[in-house]
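Below is one structure, written out as structure tokens, with a few remarks after it.
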Amino acid sequence: MGIQSLLRFMKPFIEPVHIEKYSGKRIGIDAYSWLHKGAYSCSMELCLGSRSEGAKRFLKYFMHHIDLLRHYKITPVVVFDGGSMPCKAATENERHRRRETNLESAKEKLKQGDVRGAVELFQRAVRITPSMAHQLIQILRKENVEFVVAPYEADAQLAYLSTLDADKGGVDAVITEDSDLIAYFCQAVIFKMDRYGNGEELLLDRVFNSVSNELSFKNFDKELFTGMCVLAGCDFLPSISGIGIKRAYSLILKYRNLDRVLSALKLDKRYQIPEDYPESFRKAVAVFHHATVYDAETKKLKHMKPLQHKDMPSLNGDLDFLGPELPPSMATAIAEGHLNPLTMEAFDYFCKIPSRADTSTVDNCITIFPAKRMNNEDISYRDQGSQMSLTQESCITIISDQQVGDEEITVTRQVKVDQKKYMKEALSLGKLIAPLESQQQVEIHMERSETPNNNPFKRRKLGDINPIKKSSSHQVPVLLDAEKSVDVLCSSSPESQETVESKPNNKSKAKHPKSTKTKTDNKNSILRFFQPL
DNA sequence: CGTGACGCCTCTT
DNA sequence: GGCGTCACG
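Everything in the first sequence is counted per the working numbering, starting at 1285 for the first residue and increasing by one.
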């Protein structure tokens, strides 16, 4: 929804633009808008949970647009939505209900053999899932495209990035379809960008410094502007019946003060103001100013603009409506795409049944989680750092990229453990992080990785998006840090086995030599736990 | 004249 | 998420 009719209202200030204008600059991208558009090309597959090539067309769509930007020497920074805001629950429940009913009737049509009718309904039933976002993230990693998962609203994160300098991760403009970016006071927004890079640009400078047929924001400040947006109706707070963007603008223009507008509305008998409207209104305005965002520099959550207690005394310091705080370790794990921001579970890298996450890590840490492995498929992705997963067959699979001299290699092994024991253990530990500080010597097999090809217009085969590259493999002893953390977890379970065996990478059926393990001491073992709030 | 409810569209060849 | 249309006050 964004802000009701805001875009149409702002039309006088919107000008056509081609992204080439931002050549050499950085542009933030609202991942949701491209994901959503791309999902249309494969809505049925997505709704039915198909994992065919067809179900991945949304990825192709997205990456085409990324390549377009890179072709014009623009650095894309993709921003994903994180957890949902409490005050947005009403809006989202409504959408969910409609999607569900559409999905039901779509399946009915399909049963009746009406494919065409079914597709139409599936298109209204598609929703962007964390799994889809995560599939995309894996490609972005491989393609060295910057991305961040916002703790809550992507719009807020994007607006925050637009306030930062480029060398601190900032962006010069934002591409989105959502008018909320304007309410968040994002200085440069590009709407409706097509596949050639043509779009419509809104610059706040233009809005506040020019006059256009009776429409002027010259004497507006940020406070008044967001006040107008909230009055017109936003996702956090529906507007008072009878008030739209034009009346909102007039009210602000007339009273030039939010409190005066509120009291004027209260006295006006034409409108029915809910008892709690003024408080909700204040909160909604505060979200647009002080939303919780992720700061990549400090690797912590922060408010877009610091909020003093005196700003909103009625809250008694309760700022949860801005998005509850999270411990830094969790915030980072979310931002870097390791934790599902809705469930706080580690992502199931096999993209199968949602698994119960136990532990998760970032960067140089290993990720450990139980993942049900189906159809005995080989692991088919690679990632920076290391990941592990517990398979149905009670194995932990470890994948890690290692630097040996000038060469980057991929290491894959499996360790057998007792799953039940492991689950119990891990659950009792909560979500833990295990930095890789051990130095265990393990002999493993290794494979050379191909350097990623970032040629903008090079066609990629989608089936090729994530495999561990196969090439010559040979045995070399390497320090495998992940090993230590495996032991930490496994040793707590008496039934766990410490068998280590090599596993053929990806789909290559090539025979790899068995690896052997050499144990050493792990004195530097550190387990960090997520702090309770 | 402005609001709000309704239906239609976003992709792909 | 947006857009255009149209009945209503």
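Note that CB positions come from ideal geometry on N, CA and C, so glycine has one too. Here the structure is a predicted model, which is why all the values come from computation and not from measurement.
For residue i, the nearest candidate out of the options (CA to CA)
i, options, result
"residue 1505", "1520, 1542, 1484, 1518", "1542"
"residue 1438", "1546, 1462, 1602, 1481", "1462"
"residue 1492", "1294, 1316, 1484, 1372", "1294"
"residue 1502", "1593, 1526, 1489", "1489"
"residue 1287", "1378, 1587, 1317, 1512", "1512"
"residue 1317", "1458, 1609, 1608", "1458"
"residue 1311", "1339, 1460, 1610", "1460"
"residue 1417", "1530, 1371, 1570, 1343", "1343"
"residue 1621", "1425, 1330, 1393, 1468", "1425"
"residue 1394", "1331, 1549, 1531", "1331"
"residue 1530", "1500, 1367, 1608, 1464", "1500"
"residue 1352", "1377, 1307, 1379, 1376", "1307"
"residue 1481", "1314, 1355, 1309, 1396", "1355"
"residue 1578", "1546, 1616, 1538", "1616"
"residue 1571", "1433, 1322, 1465, 1423", "1465"
"residue 1456", "1375, 1366, 1360", "1360"
"residue 1450", "1545, 1309, 1626, 1341", "1309"
"residue 1619", "1431, 1540, 1452", "1431"
"residue 1347", "1528, 1427, 1605", "1427"
"residue 1567", "1544, 1547, 1289, 1595", "1595"
"residue 1357", "1319, 1398, 1429", "1429"
"residue 1540", "1526, 1528, 1510, 1562", "1510"
"residue 1320", "1335, 1341, 1587", "1341"
"residue 1588", "1322, 1470, 1422", "1470"
Residue environment, residue i, which counts as buried when at least 16 other CB atoms sit within 10 Å
i, result
"residue 1266", "Beyond the ends of the chain as shown, which are 1285 and 1817, falls residue 1266; an answer cannot be given."
"residue 1285", "exposed"
"residue 1576", "buried"
"residue 1624", "buried"
"residue 1363", "buried"
"residue 1446", "buried"
"residue 1551", "exposed"
"residue 1291", "buried"
"residue 1574", "buried"
"residue 1349", "buried"
"residue 1333", "exposed"
"residue 1569", "buried"
"residue 1590", "exposed"
"residue 1298", "buried"
"residue 1485", "buried"
"residue 1613", "buried"
"residue 1467", "buried"
"residue 1516", "buried"
"residue 1607", "buried"
"residue 1365", "buried"
"residue 1582", "exposed"
"residue 1263", "Lying outside 1285 to 1817, the shown extent of the chain, residue 1263 is not represented and no answer is given."
"residue 1553", "exposed"
"residue 1283", "Limits of the chain in this structure are 1285 at one end and 1817 at the other, which puts residue 1283 out of reach."
Extent of the continuous alpha helix (DSSP H) to which residue i belongs
i, result
"residue 1404", "1399-1409"
"residue 1586", "Where residue 1586 is concerned, there is no enclosing alpha helix (DSSP H), although the beta strand (DSSP E) it sits in stretches over 1584-1587."
"residue 1292", "1290-1293"
"residue 1483", "Looking at the DSSP string, residue 1483 is not in any alpha helix (DSSP H); the run it does join, the beta strand (DSSP E), is 1482-1487."
"residue 1354", "1341-1355"
"residue 1316", "1315-1323"
"residue 1561", "1561-1574"
"residue 1328", "1327-1331"
Residue span of the beta strand (DSSP E) that contains residue i, given as start and end
i, result
"residue 1472", "1472-1475"
"residue 1302", "1298-1302"
"residue 1364", "1359-1364"
"residue 1616", "Not the beta strand (DSSP E): residue 1616 falls in the alpha helix (DSSP H), residues 1612-1619."
Exercise for review: Would you be able to state if there are at least three C-beta pairs under 8 Å between the region 1473-1484 and the region 1290-1303?
Suggested key: yes
Check your understanding: Would you call the region 1395-1413 and the region 1375-1386 in contact, with 3 or more CB pairs under 8 Å?
Key -> yes
Check your understanding: If you pair each beta-carbon of the region 1320-1332 with each one of the region 1553-1566, do three or more pairs fall below 8 Å?
Key -> no
Check your understanding: Does the region 1383-1403 touch the region 1434-1453, meaning 3 or more C-beta pairs lie closer than 8 Å?
Key -> no
Practice item. Only counting runs of 4 or more residues, tell me where the alpha helix (DSSP H) segments fall wholly within the region 1390-1469, in order along the chain. Key: 1399-1409, 1414-1426, 1438-1445, 1464-1467
Practice item. Please specify which runs of the alpha helix (DSSP H), each continuous and at least 4 residues long, are wholly inside the region 1489-1556, giving them in chain order. Key: 1506-1516, 1529-1539, 1542-1551
Review point. Three or more C-beta pairs closer than 8 Å, one from the region 1356-1372 and one from the region 1519-1533: is that the case here?
Key: yes
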